[in-house]
Structures are given as structure tokens and as C-alpha cells.
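Peer 1:
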Amino acid sequence: MRRRFAALLLCLASLAWGCSKKTEPEPTQAGPMAGPPARFYYDLGPAAVDVSAYPSSYQQGYKLFSAVCATCHSTARALNAPYAEADTWKRYVRRMHVKMESRSALPAPQEEALILEFLIYDSKVRKLDKSEEFQAQQEKLKTRFEEAAKR
Ligand code: HEC
């Protein structure tokens, strides 16, 4: 009787193991864009930021960013990218500008400027001023991404 019970337990455990292995989701991009597979480790981080304490022009920039920069990939890509310096953001926004141009989906120049300003300000607040916290999160996301690639 005892043996049977042990066998049953073993069987259940292996089932659970099998299941958990199978149902472990493929990492996808975060937020409303969940679906497409993550292409960068930074796709796996949060897709939103609490901007309630940001000055209002940056809040406006965030709104535009959330609309404009979420049409091809998750906003998580920019929010968790290692990029933080103004020049780096200028380069990436320019690069995205070219991509949007080819889709005829360009935001107005003032809107693009507000998005760029938001990215620079937000990077200062979350990535540079709190660099330890940010680096710790970067490591976590990298590990998750690498683990998933091994599966
Ligand atoms: C027209 C589609 C499209 C839109 C809109 C778009 N992106 Fe991208 N983005 C891409 C593609 C495709 C890639 C990956 C290939 C690449 O980097 O060239 C990418 C990659 C990125 C990367 C990672 C680059 C790297 O190599 O690390 C960042 C950061 C980024 N986008 C930010 C933004 C921001 C900010 C916006 C809004 C201003 C935006 N994207 C809007 C298509 C788009």
C-alpha cells in the first residue's frame, strides 16, 4: 500500500515536472505587444513607467512615446534598453525615424522632439540616477533571456 502511494507520488511529481516544462512560456515582448518573441533582452522588462511625478511636458512625451513607439515592437524595448545618454537616444530616435518614414507613419517633428526629451529625462531618472537598481534589473533580464535561448 505504502509502495503504491509512493509510486503514485512519483508519477504525479513527474507529471507536474513535465507540465511545468511544457507550459513555461516562450519569452515574448512585454506589455500590450506581448506576442512577438523577444528579440533583445530589454524586450522582457516592464512596458510602462510611472510618470506621475514627472514634469508635465515629459508626461506628454511619454504619452506620445507610448503611442508612436509601440507600433512595431514593445515600449519595453526602449524603456529597458541600456541606452541613457542624450546622444545615444538622438541616434536611435533618428534610426526609428527612418523606419517610420518607410511606413509613412511619421509623427510630427514637435512630437518626435517631445519623445526624445522624454527618453532622455526618463533615462536620467531611472537609469543614471538609480544606476545600481537599473544595473541589477539589467542582469536579471539578461539571465532570463539567455536561459530562454538555451531551451
Ligand atoms: C516602423 C517600425 C518601428 C517603430 C515605429 C519604432 N521602432 Fe524601434 N525598432 C524597430 C525595429 C525593426 C528594430 C530592430 C532592428 C533595429 O534596431 O534596426 C527596432 C529596435 C529598437 C531599439 C533597439 C535597438 C538596438 O539595436 O538595441 C530601440 C531602443 C528602439 N527600437 C526604440 C524605438 C523608439 C524610441 C521608437 C519611437 C520613437 C521606436 N523604436 C519606434 C522598428 C520600429
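Counted the way the working numbering counts, the sequence shown spans residues 165 to 315.
All C-beta atoms, glycine included, are put in the ideal place defined by N, C-alpha and C.
Only a predicted model underlies this, so the values are computations on that prediction, with no experimental measurement involved.
Quick check: the Cα distance between Ser-287 and Glu-249, rounded to an integer number of angstroms?
Peer 2: Working through the sequence shown from its first residue, we reach residue 287 at position 123. Working through the sequence shown from its first residue, we reach residue 249 at position 85. Cα to Cα, Ser-287 sits roughly 8 Å from Glu-249.
Peer 1: Which residue wins for smallest C-alpha separation from Ala-272, given the options Trp-253, Leu-228, Ser-220?
Peer 2: Residue mapping note: residue 272 aligns to position 108 of the sequence shown, counting from 1. Checked all of Trp-253, Leu-228, Ser-220; the closest Cα to Ala-272 is Leu-228.
Peer 1: Output yes or no for whether 8 Å exceeds the beta carbon distance between Val-215 and Tyr-222.
Peer 2: The sequence position of residue 215 within the sequence shown is 51, counting from 1. The sequence position of residue 222 within the sequence shown is 58, counting from 1. Going by C-beta atoms, Val-215 is nearer than 8 Å to Tyr-222.
Peer 1: Using only the alpha-carbon positions, how far apart do Lys-254 and Ile-279 sit?
Peer 2: Taking the sequence shown and counting its residues from 1, the one referred to as residue 254 is at position 90. Taking the sequence shown and counting its residues from 1, the one referred to as residue 279 is at position 115. Distance between the alpha carbons of Lys-254 and Ile-279: 10 Å.
Peer 1: Consult DSSP for Pro-201 and reduce its assignment to one of helix, strand or coil.
Peer 2: The residue you call residue 201 lines up with position 37 of the sequence shown. Strand.
Peer 1: Using DSSP's beta-bridge definition, name the partner residues of Arg-192.
Peer 2: Within the sequence shown, numbered from 1, the residue matching residue 192 stands at position 28. The sequence given here places Thr at residue 192; Arg does not occur at that position. Partner(s): Pro-201.
Peer 1: Flag this pair as touching only if the region 281–297 and the region 200–212 have three or more C-beta atom pairs under 8 Å; answer yes or no.
Peer 2: Contact between the region 281–297 and the region 200–212 is absent, because fewer than three Cβ pairs lie under 8 Å.
Peer 1: Give me the Cα-Cα distance between Arg-290 and Phe-298, rounded to the nearest whole angstrom.
Peer 2: The count along the sequence shown starts at 1 and reaches residue 290 at position 126. The count along the sequence shown starts at 1 and reaches residue 298 at position 134. So the alpha carbons of these two residues sit roughly 7 Å apart.
Peer 1: Would you kindly check if the distance between the Cβ of Ala-194 and the Cβ of Asp-207 is under 8 Å?
Peer 2: Against the sequence shown, residue 207 aligns to sequence position 43. Against the sequence shown, residue 194 aligns to sequence position 30. Cβ distance < 8 Å, so Asp-207 and Ala-194 count as in contact.
Peer 1: DSSP state of Ala-269, grouped into three classes?
Peer 2: Mapped onto the sequence shown, residue 269 falls at position 105. Coil, per DSSP.
Peer 1: Excluding sequence positions up to five away, which residues of its chain have a Cβ less than 8 Å from the Cβ of Ser-230?
Peer 2: Locating residue 230 in the sequence shown gives position 66, where the first residue counts as 1. Excluding sequence neighbours, Ser-230 sits near Ala-212, Thr-239.
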